[in-house]
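Right, one structure below, let's go through it.
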Amino acid sequence: MAATRDSALTRAFDNDWIGPGLVSLIAVVAISLAQPAFLSPFNIFVLMSAISVNMVIALGQLVIIGLGQMNLALGSIGGLVAISFVGVIERYGIPVPLALAFALGIGIAAGMSGGYIIARTMISAFIITLAGLQIFKGINLGITEAQPFYGVPEAVKAFGQASVIGPLPWLMVPMMICSVAMWYLFNRMRIGRHILAMGSNPHAAELSGIDANATIIWAHGISGLLAAIAGLMLVARLQIGQPTIGDDWLISSFAAPVIGGAVLTGGRVSVAGTFFGVVIIAIITQGLVMFNIDPFVVQIVLGALILWAVAVNRLREMRIARVQARGAGA
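Each number in my numbering comes from the position in the sequence shown (counting from 1) with 915 added on.
Written out as structure tokens, the structure is:
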């Protein structure tokens, strides 16, 4: 009986989200004890708004990490979508629903175009998405001339500032929809299984009949869609079409999935783990701000989080390799 309980406990703690979840809980308790205002309704609203946007950003990177690649253009796609959405409303008076469809279409097209080039040329995703980052950012600055668009509709502003229940913002709704959709994609849909199979062993995946090119293109298209949604959420939150939207997405988009259990070489992801990775980063950042820590220290802490995440990722890869080696030996 004791052995059974130990086995169940071991399996429970083997879940990718358990560790980050415990760290999140401990951080919330510790900071709230030291600074009671941390759990004030206003701060909860601010914190959950940040978590909601950052979770969608992280999911956009997660789908590419599952493929064993990376998307450096994620932020520039989100920024281009954000200013395009506000720009067509301000300059041409296009209704919000049409502007939303147009903006989301830009995100999907931008993501799929990068995926198509990667699939057809077999050039590293790092190089192609780095080029995409510069191209999309250049288009952004060309459209805006580095000046923000102010014509955000009142309905969009209200969505970004309103609460759905108590201090919980409406921005949580698209975050929850995207999270459930991505969990379903990875666990129930063929394309999700194909993405993870390609990330785990591309050669074996192709031998099993998986269309590698289509999988890469669709994965980048999904990533572009999620970047677009995050960009639109930031417009609602900031109430302005700021050309700098997306500039600071890169670090957190990689750190959160890796802290949450994703393997950078691909084939293993966790939506729940990614959520708690986002929560950890948001709590630490917000906590440092509340304690009036200098901004440069916040940047140092985020850099240290990246190093910690990469170290954890490496240990996880070594552990998986040992388990596979024991299985092969048996």
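Using N, Cα and C, we set each Cβ at its ideal position, and we do this for glycine too.
- I972 is positioned such that its CB atom lies closer than 7 Å to that of S1168.
- Between R1229 and N986, the alpha-carbon positions lie close to 20 Å from each other.
- Beyond the five residues adjoining it in sequence on each side, K1072 comes within less than 6 Å, by CB distance, of Q1154 in the same chain, given in chain order.
- Non-local beta-carbon contacts of L1048 in its own chain, meaning distances under 8 Å to residues more than five positions away in sequence, involve L987, A988, G990 and S991 in chain order.
- Every alpha helix (DSSP H) stretch that sits fully inside the stretch 1046-1082 and reaches 4 residues is listed by chain position as 1069-1076.
- A distance below 7 Å between beta-carbons, with the five flanking residues on each side excluded, links A1070 to the following residues of its chain, in chain order: V1011.
- A Cβ-Cβ distance of about 6 Å is found for the pair A1170 and I1196, placing them in contact under the 8 Å criterion.
- In this structure, A1142 lies near G975, with their beta-carbon atoms less than 7 Å apart.
- The continuous alpha helix (DSSP H) containing R1108 extends over residues R1105 to S1115.
- As DSSP reads the structure, P951 sits in no beta bridge.
- Taking 7 Å as the cut-off, the beta carbon of G1030 is found no closer than this to the beta carbon of H1118.
- Per DSSP, reduced to three states, the secondary structure at G1156 is strand.
- Remark: C-beta atoms of F1064 and G1156 approach each other more closely than 7 Å.
- Between N969 and V1193, the C-beta gap is smaller than 7 Å, which places the two residues in contact.
- Distance from L1100 to I1092 at the Cβ level is roughly 12 Å; contact not present, criterion being Cβ atoms closer than 8 Å.
- Distance between M963 and G1202, taken at the CA atoms: about 13 Å.
- In the three-state reduction of the DSSP assignment, P956 falls in the helix class.
- In this structure, the CA atom of I959 is about 19 Å from the CA atom of P935.
- Note that the C-beta distance between V961 and S1138 is not below 7 Å.
- Judged by DSSP secondary structure, A1171 falls within the alpha helix (DSSP H) whose first and last residues are L1165 to I1174.
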